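Chemist:
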Amino acid sequence: MTAGTVNFAVSCDESQTGARTLHQARQFDQFLAEVERRALRIAEMGVRDRDEALDLVQDAMIKLVRNYSARRSEEWAPLFYRILQNGVRDWHRRQAVRRRVMAWFPKAKSDDNDYDAIAAAPDPAGRTPDEELQNSEAMRDMESAVHELPTRQREAFMLRTFEGLNVAGTAVAMGCSEGSVKTHYSRAIHALREKLGEHYQ
Amino acid sequence: MNESNDKLDARITADAKQAFDQSVDGLDAATLSRLNRARQAALEELTKPTRHWLQWMPATGLAAAVLLAVFAFRGPAEIDVINTPASDLEILLSEENIEMLEDLEFYSWLVTQELEGDSDLG
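These protein sequence lines are chains A and B, in that order.
Under the working numbering, residue 258 is the last one in the first sequence; the count climbs by one each step, no gaps.
Under the working numbering, residue 583 is the last one in the second sequence; the count climbs by one each step, no gaps.
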């Protein structure tokens with residue numbers, strides 16, 4: 058093989074690698090853009106704090122791209138949610154430790170005068186305040202009912218109902234068997250029926 | 462499970478999904494912007510060079526810890542006599558050996574004799 062052939066082969070390899078990376082970047086961008094908002098709300102329902110949920114979603118995105126870029130795109134959703142759910146669980150563990158430590162210190166006074174201009178801004182979807190209130194009340198009731206579910210039931214319900222993962226995908230995301238997913242989901246539905254059923258009478 | 466429960470479950474699930482989707486659609490611009498930045502940060506990972514050496518970090522750390530532990534539990538090592546020019550000078554300058562300095566010419570001659578003897582043997 059001559060030097061010219063080698064150079065040509067190397068440049069072909071580089072251009073192929075570059076094209077592959079670009080194609081992969083587009084695929085990841087599409088996947089993450091599609092999933093990010095639902096993932097944020099799911100994480101937020103898990104930790105009940107938007108900033109923390111945003112951090113958890115960003116961590117999950119980075120870990121997915123860094124560690125699983127070689128996996129097929131069909132596997133990304135379950136893997137992404139598995140990383141996210143692990144992040145939520147770790148967050149709860151850290152919070153429990155922090156609470157134990159902070160119990161030894163006196164509470165600082167909270168500042169109630171914070172004005173959030175973004176939160177007070179009009180709804181970008183153009184809904185009236187009444188509609189917004191109705192939606193937010195419905196969401197709040199449902200959210201608190203979902204939040205009160207045991208962790209595994211909550212995960213199964215959110216992944217199946219909100220994200221639309223099938224049983225197999227949910228099993229990967231939760232790191233358990235498909236049978237366990239069915240059991241957790243069924244129990245979650247039963248518990249929600251007990252809690253929210255009276256609103257439907 | 463009876464039919465009414467099935468219907469109720471379906472309604473609860475559908476309403477929950479609808480409320481969830483509405484909350485997703487109602488996310489504010491600042492949050493969407495942060496999500497976009499998070500996504501771009503994640504995509505940058507694809508262009509970063511693979512850091513293979515990082516894979517060895519835990520193993521290297523463990524090996525270093527084991528080595529430290531071995532040295533720590535071996536107990537005090539034997540103290541070697543340090544033969545440095547400074548210590549030689551200290552010995553030479555101590556009061557007990559002051560006569561040696563006086564006989565320096567003799568010792569120099571002795572060394573020369575020994576060297577000549579060695580060369581005769583070799």
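Glycine included, C-beta positions come from ideal geometry on N, C-alpha and C.
Being a predicted model, the structure only gives us computed values, none of them experimental.
Suppose contacts are defined by Cβ-Cβ distances below 8 Å. Is A/Arg123 in contact with B/Phe481 by that definition?
Modeler: Cβ atoms of A/Arg123 and B/Phe481: not closer than 8 Å.
Chemist: Mind checking which residues open and close the alpha helix (DSSP H) that includes A/Arg105?
Modeler: Counting along the chain, A/Arg105 falls outside any alpha helix (DSSP H), and DSSP gives it neither H nor E.
Chemist: With a threshold of 8 Å between beta-carbons, can B/Ala477 be considered close to chain A, or not?
Modeler: It does; some Cβ of chain A falls within 8 Å.
Chemist: Can a CB atom of chain A be found closer than 8 Å to the CB of B/Ser465?
Modeler: So, not an interface residue.
Chemist: Of the residues A/Arg129, A/Ala100, A/Ala202, A/Glu93, which one's Cα is nearest the Cα of A/Glu255?
Modeler: The shortest C-alpha separation from A/Glu255 is found at A/Ala202.
Chemist: What three-state label does DSSP hand A/Arg83 in the structure shown?
Modeler: In this structure, A/Arg83 counts as helix in the three-state DSSP scheme.
Chemist: Does A/Glu131 have its Cβ less than 8 Å from a Cβ in chain B?
Modeler: No, A/Glu131 lies away from the interface with chain B (no Cβ there is under 8 Å from its Cβ).
Chemist: With a Cβ-Cβ cutoff of 8 Å, do A/Gln84 and B/Ala499 count as a contact?
Modeler: Contact flag unset, no.
Chemist: Tell me whether A/Gly87 is buried or exposed, calling it buried when 16 or more other Cβ atoms sit within 10 Å of its Cβ.
Modeler: As written in the sequence, residue 87 of chain A is Gln, which differs from the Gly given in the question. Exposed, because fewer than 16 other Cβ atoms sit within 10 Å of the Cβ of A/Gln87.
Chemist: Name the chain A residues whose beta carbon is nearer than 7 Å to that of B/Ala502?
Modeler: Neighbours of B/Ala502 on chain A, chain order: Gln115, Ile119.
Chemist: Can you give me the start and stop residues for the alpha helix (DSSP H) that A/Asp147 sits inside?
Modeler: Looking at the DSSP string, the run of the alpha helix (DSSP H) that includes A/Asp147 is 133 to 159.
Chemist: So the candidates are A/Glu220, A/Val238, A/Lys239, A/Ser237; which of them puts its Cα closest to the Cα of A/Glu93?
Modeler: The residue with the shortest Cα to Cα distance from A/Glu93 is A/Glu220.
Chemist: A/Met102 and A/Met231 look like a contact to me (Cβ under 8 Å); what is the Cβ gap, rounded to whole Å?
Modeler: That belief does not hold up - the Cβ atoms of A/Met102 and A/Met231 are roughly 16 Å apart, past 8 Å.
Chemist: Tell me the DSSP secondary structure of B/Asp489 in three-state form.
Modeler: If DSSP states are grouped into helix, strand and coil, B/Asp489 belongs with coil.
Chemist: How about B/Ser494: is its C-beta nearer than 8 Å to some C-beta of chain A?
Modeler: No, B/Ser494 lies away from the interface with chain A (no Cβ there is under 8 Å from its Cβ).
Chemist: Is there a Cβ of chain B sitting closer than 8 Å to that of A/Arg156, yes or no?
Modeler: With 8 Å as the cut-off, A/Arg156 does not count as an interface residue toward chain B.
Chemist: Any idea if B/Gln501 is buried or exposed, counting beta-carbon neighbours within 10 angstroms, 16 or more meaning buried?
Modeler: So B/Gln501 counts as exposed.
Chemist: Out of A/Leu206, A/Ala127, A/Gln81, state which residue places its alpha-carbon closest to the alpha-carbon of A/Leu249.
Modeler: For the residues A/Leu206, A/Ala127, A/Gln81, the minimum Cα distance to A/Leu249 belongs to A/Leu206.
Chemist: Count the other CB atoms within 10 Å of the CB of A/Glu91; is the residue buried (16 or more) or exposed (fewer)?
Modeler: It is exposed - the Cβ of A/Glu91 has fewer than 16 other Cβ atoms within 10 Å.
Chemist: Are A/Val273 and A/Leu121 touching if we call contact CB-CB under 8 Å?
Modeler: This structure gives no information on residue 273 of chain A, because the portion of chain A shown stretches from 58 to 258.
Chemist: In this structure, does DSSP put A/Ala127 in helix, strand or coil?
Modeler: Of the three classes helix, strand and coil, the one that applies to A/Ala127 here is coil, per DSSP.
Chemist: By the three-class DSSP mapping on this structure, what secondary structure does A/Gly254 have?
Modeler: Helix.
Chemist: Since A/Gly226 is in the alpha helix (DSSP H), which residue starts that stretch and which ends it?
Modeler: 224 to 231 is the span of the alpha helix (DSSP H), which, as asked, contains A/Gly226.
Chemist: Can you find the residues in the same chain that come closer than 8 Å, C-beta to C-beta, to A/Leu253, ignoring five residues on each side of it along the sequence?
Modeler: Answer for A/Leu253: Asp198, Met199, Ala202, listed in chain order.
Chemist: Leaving out five residues on either side along the sequence, give the residues of the same chain with a beta carbon under 7 Å from the beta carbon of B/Ile540.
Modeler: Reliability of the predicted coordinates at B/Ile540 is poor, the pLDDT of 49 falling under 50, and the value obtained from them is presented with this limitation in mind. No residues qualify anywhere along the chain.
Chemist: Please state the DSSP three-state secondary structure of B/Gly522.
Modeler: In the structure shown, B/Gly522 sits in a helix (DSSP, three-state: H, G or I).
Chemist: Can you name the residues of chain B whose CB is closer than 7 Å to the CB of A/Gln87?
Modeler: Going along chain B, no residue has its Cβ under 7 Å from A/Gln87, so there is no contact; the nearest lies around 10 Å.
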